[in-house]
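To start, the structure itself, in structure tokens.
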Amino acid sequence: MYRAIAANKRNTWFIMVFFMVLIAGLGFVADLYFTGGGPGLVFYGVVIGAFAYVVIQYYSSGSQALAMAGAKPIEKADNPRLYRIVENLAITTGLPMPKVYIVDDPAPNAFATGRDPEHAAVAATTGLLEIMDDSELEGVMAHELAHVKNFDIRVTTIVFGLVVVVGLISNVLGRVAFFGGMRRGGGGGGGNPLMIVVAILAMILAPLVAAVIQAAVSRQREYLADATGVLITRHPEALASALVKLGEYGRPLKNQQASMAHLWMADPIKPGVIDRMFQTHPPIPSRVERLLENQARF
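When the letters of the sequence shown are read in order and numbered with this note's numbering, they come out as residues 141 to 438.
Spelled out as structure tokens, the structure:
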């Protein structure tokens, strides 16, 4: 367990470096497109801007994720059942009490966010509270606190911010290449059809690479959080039952955000054929099977 926590701390830096290289590559392509050479002002502007954005995201993406999900903070009097379950789990794990939020959405789901245990928050949807009994809800929230305990929230918070910035840069680069390059006949690389093709390919491939990394980061962390959550509650059947319900009653969230899909307990977006290639969550039957096969070890 401690090795997993240490690995997550290291992986945060590896992921940041990887995404900065990816962003620098997009900046280099943009410089080639605008000036015909590089690296230049465009390249350095993109890299410095992206670095500043990453720093800002490190401190603010948790609150951004909560805002994007439409999460509302609660106190114990607002929902004693949920608050007390989270409070008891925090005491059991020795973690600081996280802020507790509720998302008004009939889709059953939950997530944790924040950069570390001292700045963590957990959220549950109204749909989750309606279908789970107390032991199942405890299993779900133990899973979310496991993300906090294992420092998964730091990794997923960084990934969340970086996926957004890669998407933004790619989108701007693609629009400029497609529309601006068509109208310009010269100057820099904008009039070069090859550069237009390269820019459009960068626009398409960069977000795909980012999505693959996002999915890979998330899937193994879900398995680890399931195991850690059960070690906290000592009740694998409750979490397994909760996962089965999530599979049976699961539906897309009203506010679907692909960039924060990896934060949720269950995939909040109904996947199509292509989407399954980039799913951020392992299949629920596989998670249930692992829990039940290893319940004697817990």
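The C-beta atom is built at its ideal place from N, Cα and C for all residues, glycine as well.
Evaluate contact between the stretch 238–250 and the stretch 300–309, counting only Cβ atoms and requiring at least three cross-stretch pairs below 8 Å. Flag = no, the stretch 238–250 and the stretch 300–309 do not touch.
Asp-244 versus Asn-311: straight-line alpha-carbon distance, rounded: By one-based count along the sequence shown, residue 244 stands at place 104. By one-based count along the sequence shown, residue 311 stands at place 171. So the alpha carbons of these two residues sit roughly 31 Å apart.
If you measure between the beta carbons of Leu-285 and Leu-229, is that distance less than 7 Å? The residue you call residue 285 lines up with position 145 of the sequence shown. The residue you call residue 229 lines up with position 89 of the sequence shown. Yes, they are a contact pair.
Buried or exposed by the 16-neighbour rule on C-beta atoms within 10 Å, applied to Glu-197: Translated into positions along the sequence shown, residue 197 becomes position 57. Note that residue 197 corresponds to Gln in the displayed sequence, not to Glu. The Cβ neighbour count for Gln-197, taken over all protein chains shown within 10 Å, is at least 16; the residue is labelled buried.
Coil, strand or helix - Pro-423 by DSSP: Translated into positions along the sequence shown, residue 423 becomes position 283. Three-state result, Pro-423: coil.
Environment of Asp-171 [buried if 16+ CB atoms lie within 10 Å]: By one-based count along the sequence shown, residue 171 stands at place 31. Counting Cβ neighbours within 10 Å, Asp-171 comes out buried, since at least 16 surround it.
Per DSSP, Phe-251 is paired with what? What you label residue 251 is simply residue 111 of the sequence shown in a count that begins at 1. In DSSP, Phe-251 forms a bridge with Ala-263 and Trp-404.
Give every residue of the same chain whose Cβ lies closer than 7 Å to the Cβ of Ile-163, excluding the five residues on either side of it in the sequence, and list them in chain order. Translated into positions along the sequence shown, residue 163 becomes position 23. Excluding sequence neighbours, Ile-163 sits near Val-186, Val-187, Ala-190, Val-305, Val-306 and Ile-309.
Take Val-226 and list the residues in its own chain whose beta-carbon comes closer than 8 Å to its own, dropping the five residues that flank it on each side. In the sequence shown, the residue the question calls residue 226 occupies position 86. If we look at Val-226 and ignore the five residues flanking it on each side, its Cβ neighbours are Met-237, Pro-238, Val-240, Val-262, Met-281 and Leu-285.
Using a threshold of 7 Å, state whether the C-beta atoms of Val-288 and Ala-264 are closer than that. Counting from one through the sequence shown, the residue named residue 288 turns up at place 148. Counting from one through the sequence shown, the residue named residue 264 turns up at place 124. The answer is no: Cβ separation not under 7 Å.
Between the Cα of Pro-425 and the Cα atoms of Ala-401, Leu-371 and Asp-366, which residue gives the shortest distance? The residue labelled residue 425 in the question sits at position 285 within the sequence shown. Pro-425 has its Cα closest to that of Asp-366, out of Ala-401, Leu-371 and Asp-366.
Relative to the C-alpha of Ala-207, which residue among Gly-254, Leu-379, Glu-388 and Leu-181 is closest? Here residue 207 is taken as the residue at index 67 of the sequence shown, counted from 1. Taking only the C-alpha atoms, the option nearest Ala-207 is Gly-254.
Anyone know if the C-beta pair for Pro-422 and Arg-361 falls short of 7 Å? Along the sequence shown, one-based indexing puts residue 422 at 282. Along the sequence shown, one-based indexing puts residue 361 at 221. Cβ atoms of Pro-422 and Arg-361: not closer than 7 Å.
Return the bridge partner residues of Val-240 from the DSSP annotation. Sequence index remark: in the sequence shown, residue 240 carries index 100 (1-based). Answer by DSSP bridge pairing, in chain order: Ile-214 and Val-262.
For Arg-427 and Leu-383, believed in contact at Cβ under 8 Å, the rounded distance: Counted from its first residue, the sequence shown places residue 383 at position 243. Counted from its first residue, the sequence shown places residue 427 at position 287. Right, the Cβ-Cβ distance comes to about 6 Å (below 8 Å), so this counts as a contact.
Straight-line Cα distance separating Trp-153 from Ala-217: Against the sequence shown, residue 217 aligns to sequence position 77. Against the sequence shown, residue 153 aligns to sequence position 13. Looking at the two C-alpha atoms, the distance is approximately 40 Å.
With burial defined as no fewer than 16 other Cβ atoms inside 10 Å of the residue's Cβ, what is the status of Thr-296: buried or exposed? Stepping through the sequence shown from its first residue, residue 296 is reached at position 156. Thr-296 should be labelled buried.
C-alpha distance - Leu-345 paired with Val-299, whole-angstrom precision: Taking the sequence shown and counting its residues from 1, one reaches residue 345 at position 205. Taking the sequence shown and counting its residues from 1, one reaches residue 299 at position 159. The alpha-carbon atoms of Leu-345 and Val-299 are separated by roughly 17 Å.
Can the beta-carbon of Leu-379 be found closer than 7 Å to that of Gly-267? Here residue 379 refers to the residue found at position 239 of the sequence shown. Here residue 267 refers to the residue found at position 127 of the sequence shown. No, Cβ-Cβ distance for Leu-379 and Gly-267 is not below 7 Å.
Identify whether Lys-385 lies in helix, strand or coil by the three-state DSSP scheme. Working through the sequence shown from its first residue, we reach residue 385 at position 245. Of the three classes helix, strand and coil, the one that applies to Lys-385 here is helix, per DSSP.
DSSP state of Gly-390, grouped into three classes? Along the sequence shown, read from residue 1 onward, the residue named residue 390 stands at position 250. It is coil, neither helix nor strand.
Candidates Trp-404, Leu-432, Glu-433 and Val-169, of which the one nearest Ala-211 by Cα: The residue labelled residue 211 in the question sits at position 71 within the sequence shown. When only C-alpha atoms are compared, the closest one is Trp-404.
Alpha carbon to alpha carbon, how far is Ile-155 from Leu-235? Give it in angstroms, no decimals. As a first step, residue 235 must be located in the sequence shown, where it is residue number 95. As a first step, residue 155 must be located in the sequence shown, where it is residue number 15. Whole-angstrom Cα-Cα distance: 26 Å.
Arg-294: buried (16+ other C-beta within 10 angstroms of its C-beta) or exposed? To locate residue 294, count along the sequence shown from 1; it is residue 154. Classification of Arg-294: buried, given that the 10 Å Cβ count is 16 or more.
Who are the Cβ neighbours of Glu-258 in its own chain at under 8 Å, not counting the five residues just before and after it? On the sequence shown, residue 258 is found 118 positions in, with the first residue counted as 1. So the qualifying residues of the chain are Pro-236.
Tell me whether Trp-153 sits in a helix, a strand or coil according to DSSP, three-state version. Counting from one through the sequence shown, the residue named residue 153 turns up at place 13. Helix, per DSSP.
Assign Val-195 to buried or exposed, taking buried as 16 or more other Cβ atoms, counted over all protein chains shown, within 10 Å of its Cβ. Indexing the sequence shown from 1 puts residue 195 at position 55. Exposed, because fewer than 16 other Cβ atoms sit within 10 Å of the Cβ of Val-195.
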